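Notes follow once the structure below has been shown.
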Amino acid sequence: MNQSNLTGRILHVGPIKSEYLQNERGITVYLPPSYDTQSNKGYPVLYLHDGQGLFEPNPFSGSSWRIHETTDRLVSQGLMKEIIIVGIHNRGSERLHEYTHSLDELGIQGAPDIETRGELYERFIIDELKPYIDNTFSTIPGREHTALMGSSLGGLVTYNIGLRNPEIFSKLAILSPFFIRLNLNSLQEVIFYKRYPEVDKANLSLWIDIGENESNILVQHVRKVVDQLIDDGFVPGQNLMYYEVPNGAHTERDWAQRVHAPLLYFFGTIGHPVSNHLYGRKELGLTGMEVKTNAVVTYDSGFVMTDLSGIYHVDHHDILEIKPNGTLIPQQTGKTEVSYAYDGADSVVGRYNIIPHLNEQVQLSLLITVPYKMHSVDTLFVDKLAVPRLSDCSYGGTFTLPRDIGMQFRIKVQDGNQETFRSQDPNYYRILKVDQDMAVKYFVEAWENDIST
Numbered sequence: 040m041n042q043s044n045l046t047g048r049i050l051h052v053g054p055i056k057s058e059y060l061q062n063e064r065g066i067t068v069y070l071p072p073s074y075d076t077q078s079n080k081g082y083p084v085l086y087l088h089d090g091q092g093l094f095e096p097n098p099f100s101g102s103s104w105r106i107h108e109t110t111d112r113l114v115s116q117g118l119m120k121e122i123i124i125v126g127i128h129n130r131g132s133e134r135l136h137e138y139t140h141s142l143d144e145l146g147i148q149g150a151p152d153i154e155t156r157g158e159l160y161e162r163f164i165i166d167e168l169k170p171y172i173d174n175t176f177s178t179i180p181g182r183e184h185t186a187l188m189g190s191s192l193g194g195l196v197t198y199n200i201g202l203r204n205p206e207i208f209s210k211l212a213i214l215s216p217f218f219i220r221l222n223l224n225s226l227q228e229v230i231f232y233k234r235y236p237e238v239d240k241a242n243l244s245l246w247i248d249i250g251e252n253e254s255n256i257l258v259q260h261v262r263k264v265v266d267q268l269i270d271d272g273f274v275p276g277q278n279l280m281y282y283e284v285p286n287g288a289h290t291e292r293d294w295a296q297r298v299h300a301p302l303l304y305f306f307g308t309i310g311h312p313v314s315n316h317l318y319g320r321k322e323l324g325l326t327g328m329e330v331k332t333n334a335v336v337t338y339d340s341g342f343v344m345t346d347l348s349g350i351y352h353v354d355h356h357d358i359l360e361i362k363p364n365g366t367l368i369p370q371q372t373g374k375t376e377v378s379y380a381y382d383g384a385d386s387v388v389g390r391y392n393i394i395p396h397l398n399e400q401v402q403l404s405l406l407i408t409v410p411y412k413m414h415s416v417d418t419l420f421v422d423k424l425a426v427p428r429l430s431d432c433s434y435g436g437t438f439t440l441p442r443d444i445g446m447q448f449r450i451k452v453q454d455g456n457q458e459t460f461r462s463q464d465p466n467y468y469r470i471l472k473v474d475q476d477m478a479v480k481y482f483v484e485a486w487e488n489d490i491s492t
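Numbering-wise (this note's numbering), the sequence shown opens with residue 40 and increments by one.
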């Protein structure tokens, strides 16, 4: 069957009621191009959380994964097999509770605002939703044909549900996972995940990624979990794929730009490597902040990953050593070059400078000027950073932040009202990379909703 010009179709199902959760939600289902003509064919199934933003713009953010378009394209190119996609709608204010599992009898210590209901949401998916999908649609119900995917808190709940139920799910895509909640004003960290060292890794495939500009979801937090998974027996490049996304942010648009990679990994062919690049910090200290390089490999299929088993050549080993996972180990101050190549792709060179010390934290001096006095607004938000009022038309302060934290944002008020830009593209966002002590000034031109009174 020639599928070069065919597309799948989308169905809105439900609401589906859950006895476990005592609520109901919508379900959006993508059926592949051949579904209506191949009556005897079964299809693998990918279950995704936050279903409202997968195929259509998310009502909250206004952007979408548009995963059906990516899937149609990969299928038409012969790069992946046809699949059914099940988008599980979240319940708005209940999302935080349903996407978090208890870590102990107290739930999550340090997060009294969360009523952990992840175990009940897990039972809903496994005992109520999956049987409904398997009975209603032409699925291949076995674990080897069943995948789970999510981003942010959806990545966290994918991690927990998948590793707790490897007999149900064999493929887990964990995008921008909310493993640790970091308060940017206090730098207090609350751990939201636990390890599952006993899980059978032999027939599990994990995709985990994180962008450089995801605010309080830090690269180093996600890398720590990836390193723990490797310590527990997962093998990078085989049953564990990791991608550290250069300039990646925490939006549906960003996840749309890279969702092809886990789709290819789970349901298609990744092809052959064609290029390499060494991203990440090039200046590091003999003491202080630990630095890891980000060796990104791109394939002819469009698949992309960070190599955690790299082979590097360092010009001056007396200055710098590097582990296969990209951890840089400075030996003395000075400069050196590092070359890297992967499986036949051309080698690339990174130039590194070792200084005596590199602090883990930096100081950000921030000043925001607004067009008029806002009597009812005492705090503005730069992503997750709360910025207090200084005077009638200014907000600011000096903040201690993790070095290299990145943010993509519009300045907001607590109720969600955000700044607008008269002369910019409607999709424009500010980008802030705090890689050193710095002072930043912003001027808000206007607000979406007037708040002058």
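Idealized CB from N, CA, C, for every residue including glycine.
Please read all numbers here as calculations on a predicted model, not as lab measurements.
Buried or exposed: where does residue i fall if 16 or more other Cβ atoms within 10 Å of its Cβ makes it buried?
i	result
M40	Bear in mind that the predicted position of M40 carries a pLDDT of just 42, short of 50, making it unreliable; the figure below should be weighed with that in mind. So M40 counts as exposed.
E58	exposed
L302	buried
L367	buried
T185	buried
V274	exposed
E251	buried
K80	exposed
M280	buried
K480	exposed
M477	exposed
T67	buried
W486	buried
F438	buried
H136	buried
A300	buried
Q453	exposed
G435	buried
K263	exposed
T139	buried
F94	buried
H260	buried
H414	exposed
F99	exposed
T178	buried
H499	Since the first and last residues shown for the chain are 40 and 492, residue 499 lies out of range.
Kindly give me the distance between the Cβ atoms of residue i and residue j, rounded to whole angstroms, as I take these residues to be in contact under 8 Å.
i	j	result
L397	G327	4 Å
G47	P71	5 Å
T375	D354	5 Å
M188	Y282	Rounded, the Cβ-Cβ distance is 14 Å, inconsistent with contact.
S254	K423	5 Å
V401	L359	In fact, because the Cβ distance is near 23 Å, the residues do not count as touching under 8 Å.
K331	N278	Actually they do not touch by this definition, with Cβ atoms about 21 Å apart.
L60	R156	7 Å
S209	L243	6 Å
P83	I122	5 Å
Could you spell out where the alpha helix (DSSP H) holding residue i opens and where it closes?
i	result
R162	157-162
K240	First-last for K240: undefined, no H or E at that position.
G126	Unbroken run through G126 is the beta strand (DSSP E), 123-127; no alpha helix (DSSP H).
I172	169-175
E487	Taken as a continuous stretch (DSSP letters only), E487 belongs to no alpha helix (DSSP H), as it is neither H nor E.
E137	134-137
Counting along the chain, where does the beta strand (DSSP E) carrying residue i start and finish?
i	result
L471	469-473
V114	First-last for V114: 106-115, but that is the alpha helix (DSSP H), not the beta strand (DSSP E).
K374	373-379
G146	Premise fails: G146 is in no beta strand (DSSP E) and is neither H nor E.
G383	Careful: G383 lies outside any beta strand (DSSP E) and carries neither H nor E.
G65	62-70
V229	228-230
R48	48-57
L367	367-369
H355	Where H355 is concerned, there is no enclosing beta strand (DSSP E), given that its DSSP letter is neither H nor E.
L87	84-87
F438	433-441
T76	Premise fails: T76 is in no beta strand (DSSP E) and is neither H nor E.
F4	Outside the shown range of the chain (40 to 492) lies residue 4, about which nothing can therefore be said.
I249	244-252
V479	477-482
T337	333-338
M32	The shown model of the chain, from 40 to 492, leaves out residue 32, and the question about it has no answer.
* Contact the region 331-339 vs the region 403-423: 3+ CB pairs below 8 Å -> no
* Taking one C-beta from the region 220-231 and one from the region 164-177 each time, how about it: are there three or more such pairs within less than 8 Å? -> no
* Asked: Enumerated in chain order, which unbroken segments of the beta strand (DSSP E) with a length of 3 residues or greater are wholly contained in the region 256-330?
  -> 279-288, 312-318, 322-327
* Stretch-stretch touch, CB-based, cutoff 8 Å, three pairs: the region 99-119 with the region 193-204 -> no
* Do the region 306-324 and the region 387-401 touch if we need at least three Cβ pairs shorter than 8 Å? -> yes
* Take every Cβ of the region 291-307, pair it with every Cβ of the region 106-115, and state whether three or more of those distances are shorter than 8 Å. => yes
* Start-end ranges of the alpha helix (DSSP H) lying completely within the region 176-237, minimum 4 residues -> 192-203
* Only counting runs of 4 or more residues, tell me where the alpha helix (DSSP H) segments fall wholly within the region 391-426, in order along the chain. => none
* Asked: Would you call the region 442-450 and the region 370-390 touching, i.e. three or more CB-CB distances under 8 Å?
  -> no
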